[in-house]
Amino acid sequence: MKRGVNMKKITVTILMFLISALVVAGCGNSSTNSGKEAGESSGKTTKISFIHWRGEDVKVFDGLIAEFEKANPTIKVEMNVFPSEQYLANAQAKLLDGASGDVFASFPGAQFGSISKAELYAELSDADFAANYSPNLLAAGQKDGKQLAFPYQLVYNQPIYNKTIFEKLNLTPPNDWEQFLQLCETLKKNGYIPIAFPGADIGPGQFINSMMMNNNTDEDIWAKVESGQAKLTDEWFVRTLSQFKELNDKEYFQKDSLGTSKDIAGSLFAQEKAAMLATGSYMMSGMKQQNPNIELGLLAPITVAADQAVYEGIHTTTFMLGVNALSKHKDAAIKFLAFLSEKQNAEKYANGTGQLVTVKDVSYKTPELQHSATWMDKKTRFQPRYLIANAANEKAVTTSVQAVIAGKTAEEAAKNAQALIDQNIKK
Amino acid sequence: MKHSKTLYLFVLPGLFMYLLFFVYPTLNGLVLSFTDWEGISSHWNWVGFDNYKRMLFNDDIFQTALTNNLKFMLVVVIFQTSISLIFAILLLKNSKSNVFFRALYFFPTIISSISVAFIWAFVFNPNVGVLNLLLGKAGLEALAQNWLGDPKLAIYSIAFVKVWAHAGQMMVIFVAGLQSIPEELYEAVYLDGATNWQAFKNVTWPMIAPAATIVVAYTTIQSFKAFDLIFAMTGGGPIYSTEILSTYIYHTAFQGSEFGYAAAQSMGFMVIIALITMGQFKLLKGRSS
Amino acid sequence: MKHLRKEALTGVVLKKFILIFYALLILVPVSIVVLASFKQMTDLFKNPIGWPEQFSLSNYIEMFREQSLGQYFLNSTLVTLSTILFILFFSSLLSYAIFRFSGWLAVILYGLFAAGMMVPPQVNMIPIYSLVSDLGLTNSLTGLIAVSISIFMPVAVFILSGFMKSMPKEMIEAASIDGANEWSTYCRIVLPISMPSLSASAIFLSVMVWNDLLFPLLLINSSDKKTLPLALLQFQGEFMTNFPMIFAGVIIASAPMVIAYVALQRYFVEGVTAGSVKG
Chain A
390 MKRGVNMKKI
400 TVTILMFLIS
410 ALVVAGCGNS
420 STNSGKEAGE
430 SSGKTTKISF
440 IHWRGEDVKV
450 FDGLIAEFEK
460 ANPTIKVEMN
470 VFPSEQYLAN
480 AQAKLLDGAS
490 GDVFASFPGA
500 QFGSISKAEL
510 YAELSDADFA
520 ANYSPNLLAA
530 GQKDGKQLAF
540 PYQLVYNQPI
550 YNKTIFEKLN
560 LTPPNDWEQF
570 LQLCETLKKN
580 GYIPIAFPGA
590 DIGPGQFINS
600 MMMNNNTDED
610 IWAKVESGQA
620 KLTDEWFVRT
630 LSQFKELNDK
640 EYFQKDSLGT
650 SKDIAGSLFA
660 QEKAAMLATG
670 SYMMSGMKQQ
680 NPNIELGLLA
690 PITVAADQAV
700 YEGIHTTTFM
710 LGVNALSKHK
720 DAAIKFLAFL
730 SEKQNAEKYA
740 NGTGQLVTVK
750 DVSYKTPELQ
760 HSATWMDKKT
770 RFQPRYLIAN
780 AANEKAVTTS
790 VQAVIAGKTA
800 EEAAKNAQAL
810 IDQNIKK
Chain B
63 MKHSKTLYLF
73 VLPGLFMYLL
83 FFVYPTLNGL
93 VLSFTDWEGI
103 SSHWNWVGFD
113 NYKRMLFNDD
123 IFQTALTNNL
133 KFMLVVVIFQ
143 TSISLIFAIL
153 LLKNSKSNVF
163 FRALYFFPTI
173 ISSISVAFIW
183 AFVFNPNVGV
193 LNLLLGKAGL
203 EALAQNWLGD
213 PKLAIYSIAF
223 VKVWAHAGQM
233 MVIFVAGLQS
243 IPEELYEAVY
253 LDGATNWQAF
263 KNVTWPMIAP
273 AATIVVAYTT
283 IQSFKAFDLI
293 FAMTGGGPIY
303 STEILSTYIY
313 HTAFQGSEFG
323 YAAAQSMGFM
333 VIIALITMGQ
343 FKLLKGRSS
Chain C
321 MKHLRKEALT
331 GVVLKKFILI
341 FYALLILVPV
351 SIVVLASFKQ
361 MTDLFKNPIG
371 WPEQFSLSNY
381 IEMFREQSLG
391 QYFLNSTLVT
401 LSTILFILFF
411 SSLLSYAIFR
421 FSGWLAVILY
431 GLFAAGMMVP
441 PQVNMIPIYS
451 LVSDLGLTNS
461 LTGLIAVSIS
471 IFMPVAVFIL
481 SGFMKSMPKE
491 MIEAASIDGA
501 NEWSTYCRIV
511 LPISMPSLSA
521 SAIFLSVMVW
531 NDLLFPLLLI
541 NSSDKKTLPL
551 ALLQFQGEFM
561 TNFPMIFAGV
571 IIASAPMVIA
581 YVALQRYFVE
591 GVTAGSVKG
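Residue numbers (the numbering used here), protein chains in the order written: chain A, 390 to 816; chain B, 63 to 351; chain C, 321 to 599.
In structure tokens, the structure reads:
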């Protein structure tokens with residue numbers, strides 16, 4: 390008796406599954422026709438895989454790829470995008486396979502270091518499209534005199550600000566620390582959040598760059614810290630942390646900043662509740678999309694007296710495009726890379742995505758890009774955080790920023806971070 | 063009991079798949095734990111027990127992650143087990159409304175943990191978040207918190223989400239356990255003039271020990287593996303306060319490019335889970351007999 | 321419970337209060353997210369909780385227009401169904417063998433699989449990837465299915481062995497004395513009586529396989545082979561600041577399981593209980 394009942398239940402279950410599978414299969418077929426046709430007609434085409442982490446650029450790349458495929462009918466480009474955390478985790482495994490990432494993007498610093506150490510970059514020193522790039526912006530992709538990857542984007546990793554709010558309150562970007570504090574105070578008094586700070590994710594790692602750039606101007610400082618020659622308990626780093634603490638204690642960041650992700654901080658800024666956003670130029674186009682009326686500029690806090698300031702800002706050359714050394718279709722991959730490096734295509738990318746590019750003589754159409762482009766003439770420093778070679782050390786540094794915001798003293802936070810770095814030196 | 067040779071054939075297909083795609087890679091991990099492999103290149107060196115020494119004696123974050131993990135486990139196991147048991151008792155009878163409540167409580171189980179993380183990250187958000195807003199509307203502003211941004215609070219907020227997502231599942235196990243208790247047992251103790259509490263202590267609790275063992279063991283293992291949730295909600299921050307072993311292993315391997323060391327951490331991790339589950343089984347077995 | 325003494329009125333009220341409170345705890349966040357998926361970004365920030373200014377399907381429409389959702393559904397279904405079928409077949413054979421073997425062989429086999437439940441999948445991601453890559457199975461649903469079978473098999477062995485422990489040994493023995501060989505004993509007796517726990521494991525596992533993200537992320541590259549959770553992750557990358565859009569994605573990815581749950585709710589619940597309690 391009981392068995393019979395159970396069998397009936399099972400049959401129902403299985404039937405339901407089969408029916409739903411059929412229904413779904415039906416949907417699937419109708420919506421994927423276009424893909425199939427393309428597959429059938431591609432008798433002798435070469436398929437290359439292009440992997441990167443910029444989901445927000447997908448539409449622009451789709452357009453560029455379509456043009457590339459039109460010009461090169463025998464090559465098909467398949468693009469795959471992973472969010473940046475997953476990209477760090479998966480890219481290396483996928484590159485090793487040789488089947489994916491014929492053309493791939495990579496981060497400067499630690500990721501570039503480990504991929505080049507594994508000899509997964511095909512050398513591109515002889516590529517003739519190298520001449521399309523600004524020569525002084527290619528260094529991040531070089532190792533031992535060889536060009537292994539082409540940084541495609543130029544990013545300024547310093548706060549963006551709302552020009553309209555600044556003008557309304559008669560404010561200008563400050564030249565020293567006192568002025569910066571005054572600026573924040575004025576904004577606060579007028580009911581604005583002075584700085585939207587995404588403390589939960591990218592904020593500490595982004596804002597520390599401009600906060601420390603003039604406190605220690607030694608380009609090799611992180612190498613020294615990582616080898617034990619310099620310490621985080623040294624005066625300059627403790628000062629940097631106490632300046633963070635000052636901003637936090639005077640409530641110049643939004644409330645609960647450690648619980649705020651970059652998306653939320655961005656929305657506060659886009660809705661003009663906050664006057665500055667401590668991330669970087671790469672978020673400008675997103676802000677503009679959320680609020681088309683907003684007018685944007687870039688600034689960096691000067692943490693020292695005006696006459697001691699050496700640097701005006703922070704730049705990074707990133708989204709470094711390389712060709713997988715294990716790729717079976719290197720020629721096609723290089724062709725695609727050459728295509729992206731052409732001026733008119735880089736221009737389409739730049740204006741479509743709102744990013745500055747490292748390709749020369751590109752004309753920028755939007756006011757944000759034009760404003761950012763003026764920073765190319767200023768004295769900026771390559772993002773110091775990327776010069777920390779060990780990711781655990783980098784995390785110890787950015788975490789010390791969270792620690793002072795959560796209430797630790799600058800000395801304590803510096804001491805804790807130094808303890809972690811000592812362990813990594815000793816390992 | 064005698065058995066024929068055919069049984070060995072029965073074992074083959076499953077065992078083969080399992081050995082090839084699971085046991086072999088795991089053993090491979092064991093081998094890696096004695097190397098300094100950084101994850102990509104084909105060159106690596108044997109380093110003996112260095113990785114293990116580092117894990118035990120020279121890695122504060124490993125200790126932090128372990129402590130966080132034990133804290134998380136304790137909170138989740140205690141709350142998930144007791145909440146699911148209470149609801150199982152309240153909803154024991156198969157009445158219409160009870161069946162409805164059980165179905166509703168079970169519902170979060172079927173949502174993927176990444177979706178659960180999206181939902182709660184939004185609810186907890188201090189700026190646009192719904193929870194603080196609702197508390198404000200209810201006149202409870204004082205209770206509004208920086209749920210995921212306060213290093214002292216974040217791990218408990220995530221523990222809450224974990225319980226939210228899985229208590230219903232555990233409740234269902236308890237309901238089945240409770241429903242299998244013969245009514246005569248209760249009739250007997252109530253005839254002897256027992257109170258509700260005595261009936262619970264002397265009949266219910268011993269009789270649901272097998273179900274409790276399953277619930278506790280399953281919850282423990284799940285709480286150690288709560289990777290997706292933490293990864294999507296806090297990424298281990300702020301200030302390592304929600305870093306648990308699985309997220310730390312992931313960070314060591316993929317952010318730090320130290321696969322050899324991450325493999326050693328994984329081995330340590332497995333030993334810790336095995337010890338804890340074995341301890342629990344002993345404890346609960348002792349209880350049921 | 322009718323055999324308990326009549327509960328006091330306060331007890332009833334308290335009980336109802338607790339039950340409704342927890343029900344709200346589940347319903348409120350879920351409905352906020354469902355409502356949010358019909359809002360526009362600005363609407364959401366002005367009014368995160370309430371009814372949308374106007375119900376707009378635009379997020380869903382864009383989602384369906386931009387993404388090959390049909391393909392993702394199909395892939396997820398294919399992976400889930402074949403994984404479950406193989407797991408059920410393999411693990412029922414295994415559990416039966418474990419049941420019949422006596423002594424150390426059974427202990428070792430069972431221990432080997434039980435231990436598998438403790439291994440965190442992050443541990444063997446990379447070795448598994450290298451293996452699948454050596455076999456030439458990366459970026460194929462076959463490779464993903466093979467790995468999923470192996471990763472989730474321990475749970476099924478655990479549930480099914482637990483159930484089979486409760487089978488009357490005499491009945492099985494009697495069957496073998498009757499001259500039936502192991503295969504026909506398995507087919508004629510063991511499979512039918514373990515149907516409840518088989519279907520239970522099937523549902524329990526299908527939730528896990530359907531929602532799995534880690535291995536699809538690791539093994540699948542091309543968009544024609546993506547599963548739904550993997551696509552969801554990509555929506556997140558693409559619509560970073562657009563919560564309503566992401567929530568629409570969450571709802572689309574969860575919909576099949578929710579529909580299956582509403583239709584087959586009782587079996588889902590049995591899925592969890594079978595084996596786990598009877599063991």
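Virtual Cβ for every residue (Gly too), placed ideally from N, Cα, C. Only a predicted model underlies this, so the values are computations on that prediction, with no experimental measurement involved.
Would you say residue i faces chain B, with C-beta separation under 9 Å as the test?
i	result
Leu653(C)	Beyond the ends of chain C as shown, which are 321 and 599, falls residue 653(C); an answer cannot be given.
Asn379(C)	no
Glu800(A)	no
Asn541(C)	no
Ile504(A)	yes
Val412(A)	For Val412(A), the predicted model reports a pLDDT of 39, less than 50, meaning its position is unreliable; a value from the coordinates is still stated below. Taking Cβ atoms only, chain B never reaches closer than 9 Å to Val412(A), which makes this a no.
Name the chain C residues that come within less than 7 Å of residue i, Cβ to Cβ?
i	result
Lys287(B)	Pro440
Asp486(A)	Ser453 and Thr458
Using 8 Å for Cβ pairs, my map puts residue i next to residue j. What's the rounded Cβ distance?
i	j	result
Pro658(A)	Phe586(A)	With the sequence shown as reference, residue 658(A) is identified as Phe, and Pro is not the correct amino acid for it. Phe658(A) to Phe586(A), Cβ: 10 Å. No contact.
Tyr550(A)	Met665(A)	5 Å
Glu757(A)	Ser674(A)	7 Å
Thr309(B)	Phe289(B)	6 Å
Ala808(A)	Asp122(B)	7 Å
Leu543(A)	His704(A)	6 Å
Name the DSSP beta bridge partners of residue i, please?
i	result
Val748(A)	Tyr522(A)
Gln542(A)	Thr707(A) and Val746(A)
Arg770(A)	Ile703(A)
Lys532(A)	Lys535(A)
Phe642(A)	Ile584(A)
So is residue i in contact with chain C if we call contact Cβ pairs under 9 Å?
i	result
Asn479(A)	yes
Tyr80(B)	yes
Ile440(A)	yes
Leu572(A)	no
Leu453(A)	no
Ala8(B)	Not covered by the structure: residue 8(B). The range shown for chain B is 63 to 351.
Could you list which residues in chain B have their beta carbon closer than 8 Å to that of residue i, in chain order?
i	result
Gln791(A)	Pro213, Gly299, Pro300 and Ile301
Here's a check: name, in chain order, each residue in its chain whose Cβ is nearer than 7 Å to the Cβ of residue i, leaving out the five neighbours to either side.
i	result
Gln360(C)	Ser376 and Pro564
Gln595(A)	Asn546, Ala667, Thr668 and Gly669
Met672(A)	Ile549, Gly655 and Leu666
Phe728(A)	Phe457 and Asn734
Gln207(B)	Leu215
Ala739(A)	Leu745, Val746, Val751, Tyr753 and Leu758
Arg628(A)	Asn604
Using a Cβ-Cβ distance under 9 Å, would residue i count as near chain A?
i	result
Leu538(C)	yes
Phe365(C)	yes
Gln360(C)	no
Phe406(C)	no
Leu553(C)	yes
Phe425(B)	This structure gives no information on residue 425(B), because the portion of chain B shown stretches from 63 to 351.
For a contact defined as C-beta to C-beta under 7 Å, what are the partners of residue i on chain B?
i	result
Gln585(C)	Ala165
Could you work out which residues of chain A lie near residue i, taking near to mean beta carbons separated by less than 8 Å?
i	result
Leu210(B)	Ala589 and Gly648
Val139(B)	Chain A residues near Val139(B): none, gap ~26 Å exceeds 8 Å.
Tyr506(C)	Near Tyr506(C) there are no residues of chain A at all, since even the closest Cβ is about 16 Å away, more than 8 Å.
Please list, in chain order, the chain D residues whose beta carbon lies closer than 9 Å to that of residue i.
i	result
Ala575(C)	Included in the structure are the protein chains A, B and C, with no chain D among them.
Which chain A residues sit within Cβ distance under 7 Å of residue i?
i	result
Tyr342(C)	Near Tyr342(C) there are no residues of chain A at all, since even the closest Cβ is about 25 Å away, more than 7 Å.
What residues of chain B sit near residue i, judged by a beta carbon separation below 9 Å?
i	result
Gly423(C)	Here the premise fails: no neighbours, minimum Cβ distance about 10 Å.
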